[in-house]
Amino acid sequence: RFDEVPGRYKVRDLSLAESGRHQIRLAEHEMPGLMALRAEYGESQPLRGARIAGSLHMTVQTAVLIETLTALGAEVRWASCNIFSTQDEAAAAIVVGPTGTPEDPRGVPVFAWKGETLEEYWECTEQILVWPVTDDATPTGPNMILDDGGDATLLVHQGVAYERVGAVPADTRPGEPDHSDENNVVRGLLRRTLQDDPLRWSTIAEQILGVTEETTTGVHRLYQLAEAGRLLFAAINVNDSVTKSKFDNKYGIRHSLPDGINRATDVLMGGKVAFVAGYGDVGKGAAEAFRGQGARVVVSEIDPICALQAAMDGYQVVRIEDVLDQADFFITTTGNKDVITAEHLAGMKDKAIVGNIGHFDNEIDIAGLADVPGVSRTEIKPQVHEWTFPDGRSIIVLSEGRLLNLGNATGHPSFVMSNSFANQVIGQIEIFTKAGTDDGYGREVYRLPKLLDEKVARLHLDALGVRLTELTKSQAEYLGIDAAGPYKAEHYRY
Ligand code: NAI
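Residue numbers (full-length UniProt numbering): 17 to 510.
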């Protein structure tokens, strides 16, 4: 069952809006960065005229982001960037809006629900890029994208590529086998949309001033496009603001990884062996979370620097093959593909819990698992599946290999997302207000200036009772920096 008005919204159930609104109200209290931006920019409305297509997990925290963008003047359409990550009550509350009712919704168009099929997922992504015809019959589209993982940006780029070469690009979804289900779905969508309007995607692309990208994996795709000279508009890499990746990716995961495992399985972590693939920002948060629960943590890495860091932090660095029959938890955090193969899965200890917290589901070969002779799958509850091998051993797979903190729980908590999303809002303002000026952003990938990164951190200090020491004039001169910041050189690594 859905509540929907075609072209305007499609969510699970608008009657959940009241619960969603209460959760949004409490989240606002925990998101001082976003609320400070509303106070600072509410009057000047820097996003008036911005039409933002948002593709980011439709959670309660994202609801506060959406209403911050609209408070700054933007029009917004929203979809989730993962089939399992929507909180249906948040989606309902955003469609209804603060002043509407389920019978008279007055909020923002949302196309998202928990448990979408792949076809539905891409249709929702399409919906945020197609805006209703205006009163004067001018077709409009978005002029900004706010992305997480890059699927909205990808759809526009692949659509344009299809128009130019007259065929669906082979690597519709980079890193996926050419004929994977996902690639076939995207191809089908492009074919259908271009039958209606052969210049559909270039018309959309021409209007887009830029994108602000949330996560490591999406940023990686943007740099690849820019290097190939294929990037169609400006891009701000939000992920590599220090106040994003060194907080959300690490401290957010430290909270939401055990949350996902607990809600899914309620299996004690203390005393068990936990294997974490990857010791980047997400891996560091994951390993710390397991250690905090008293687990014995082992880590794998391909990068000698990160491997050495893990060792110095006190974790044994292993290869997955070394611990298949020992580890009770296997968590991937790499953003890479084929990190846990079907062969690995088939060799794991009985009742091992397996999950991915990196952006895409290709880190764990679930499709290959289904092909293991004699294997069977039992649904314990939604997003928790037991796979049993012919010898009677079984493993528990979370969220079908998709990011488990959003599939099995509700993602990162509000306070950390306030940091990430304050960067998003500032990024949107930067691109939108500077477009067409001498300071405008070109078709490249940019990071926000350090002063703005420091501003985001500053907005969160009072809530934690932090008393910052101020530089004296002579100390500032001694260090050769401005007393008001930026405090570090660009190459400083935190
Ligand atoms: P990162 O680049 O800092 O860390 C990834 C690490 O994995 C690197 O150190 C790399 O050397 C290592 N690695 C790559 N291939 C490997 C392999 N085959 N075996 C072992 N290690 C390998 O990236 P970050 O920021 O930690 O992000 C990781 C993933 O998590 C990305 O896909 C990102 O988009 C996603 N992410 C997910 C979040 C969530 O809420 N679930 C939040 C933030 C990021």
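Cβ atoms here follow ideal geometry from the backbone N, Cα and C, with glycine treated the same way.
{"Item": "When every heavy atom of the ligand NAI is checked, does at least one fall within less than 8 angstroms of the C-beta of leucine 487?", "Value": "no"}
{"Item": "Between His375, Gly371 and Glu359, which has its C-alpha nearest proline 389's C-alpha?", "Value": "Glu359"}
{"Item": "How many Å lie between arginine 64 and glycine 89 at the Cα?", "Value": "4 angstroms"}
{"Item": "Apply the 10 Å Cβ neighbour rule to serine 71 and answer buried if 16 or more other Cβ atoms are within range, or exposed otherwise.", "Value": "buried"}
{"Item": "Please go through the same chain and pick out, in chain order, the residues whose beta-carbon is closer than 8 angstroms to the beta-carbon of leucine 134, but skip the five residues on each side of it.", "Value": "Ile99, Asp197, Glu198 and Val201"}
{"Item": "So what does isoleucine 411 bridge to, in DSSP terms?", "Value": "Ala368 and Trp403"}
{"Item": "What is the rounded straight-line gap between the Cα of threonine 350 and the Cα of aspartate 478?", "Value": "34 angstroms"}
{"Item": "For the alpha helix (DSSP H) holding serine 436, just list the boundary residues, first then last.", "Value": "430 to 450"}
{"Item": "Using the three-state DSSP reduction, which class does leucine 30 fall into: helix, strand or coil?", "Value": "helix"}
{"Item": "Given a threshold of 16 other Cβ atoms within 10 Å of its Cβ, counted over all protein chains shown, does threonine 115 qualify as buried or as exposed?", "Value": "exposed"}
{"Item": "Work out the CA separation of phenylalanine 291 and valine 314 for me, nearest whole Å.", "Value": "5 angstroms"}
{"Item": "So what does DSSP say about arginine 418, is it helix, strand or coil?", "Value": "coil"}
{"Item": "I want to check one thing, is the minimum distance from the CB of asparagine 424 to the heavy atoms of the ligand NAI below 8 angstroms?", "Value": "no"}
{"Item": "Taking the runs of the beta strand (DSSP E) that are 3 residues or longer, which of them lie wholly in the region 85 to 136?", "Value": "91 to 95"}
{"Item": "What do you get for leucine 324, buried or exposed, if any count of 16 or more other CB atoms within 10 angstroms of its CB means buried?", "Value": "exposed"}
{"Item": "Can you tell me whether serine 430 sits near the ligand NAI, meaning its C-beta is under 8 angstroms from at least one heavy atom of the ligand?", "Value": "no"}
{"Item": "I need the boundaries of the alpha helix (DSSP H) containing methionine 74, first residue and last residue.", "Value": "Methionine 74 -> no alpha helix (DSSP H), and no H or E assigned at all."}
{"Item": "The ligand NAI and histidine 271: does any heavy atom of the ligand fall closer than 8 angstroms to the residue's C-beta?", "Value": "no"}
{"Item": "Quick check on aspartate 407: buried or exposed, where buried means 16 or more other Cβ atoms within 10 Å of its Cβ?", "Value": "exposed"}
{"Item": "Alpha carbon to alpha carbon, what distance is there between glycine 496 and threonine 488?", "Value": "12 angstroms"}
{"Item": "Take glutamate 34 as the anchor and find which of Met74, Ile382, Ala107 and Thr86 has the nearest alpha-carbon.", "Value": "Ala107"}
{"Item": "Using 10 angstroms around the beta-carbon of aspartate 19, count the other beta-carbons present and answer buried if the total reaches 16, otherwise exposed.", "Value": "buried"}
{"Item": "In whole angstroms, give me the CA-to-CA distance for phenylalanine 346 and aspartate 297.", "Value": "17 angstroms"}
{"Item": "I need the DSSP call for glutamate 460, collapsed to helix, strand or coil.", "Value": "coil"}
{"Item": "Note down the Cα distance separating valine 432 from serine 101, rounded to an integer number of angstroms.", "Value": "17 angstroms"}
{"Item": "By the three-class DSSP mapping on this structure, what secondary structure does methionine 160 have?", "Value": "strand"}
{"Item": "So threonine 233 packs on glycine 165, CB below 8 angstroms; how close in whole Å?", "Value": "5 angstroms"}
{"Item": "Go through its chain and collect everything with a Cβ distance to tyrosine 25's Cβ below 8 angstroms, but skip five positions before and after it.", "Value": "Asp19, Val111, Pro121, Pro125, Val126 and Phe127"}
{"Item": "Based on Cα-Cα distance, which residue from Gly23, Tyr494, Ala500 and Leu419 lies nearest to threonine 231?", "Value": "Leu419"}
{"Item": "Cβ of histidine 375 versus every heavy atom of the ligand NAI: is any distance shorter than 8 angstroms?", "Value": "yes"}
{"Item": "Assign valine 235 to buried or exposed, taking buried as 16 or more other Cβ atoms, counted over all protein chains shown, within 10 Å of its Cβ.", "Value": "buried"}
{"Item": "Cβ-heavy atom distance between alanine 343 and the ligand NAI below 8 angstroms?", "Value": "no"}
{"Item": "Report all residues from its chain with a CB closer than 8 angstroms to the CB of aspartate 354; omit the five preceding and five following residues, and keep chain order.", "Value": "Asn378, Glu379 and Asp381"}
{"Item": "Which residue marks the beginning of the alpha helix (DSSP H) containing serine 272, and which one marks its end?", "Value": "269 to 281"}
{"Item": "Which residue wins for smallest C-alpha separation from arginine 208, given the options Gly276, Ile224, Phe249 and Trp138?", "Value": "Trp138"}
{"Item": "Just to confirm before moving on: does the CB-CB distance between leucine 422 and threonine 75 stay below 9 angstroms?", "Value": "yes"}
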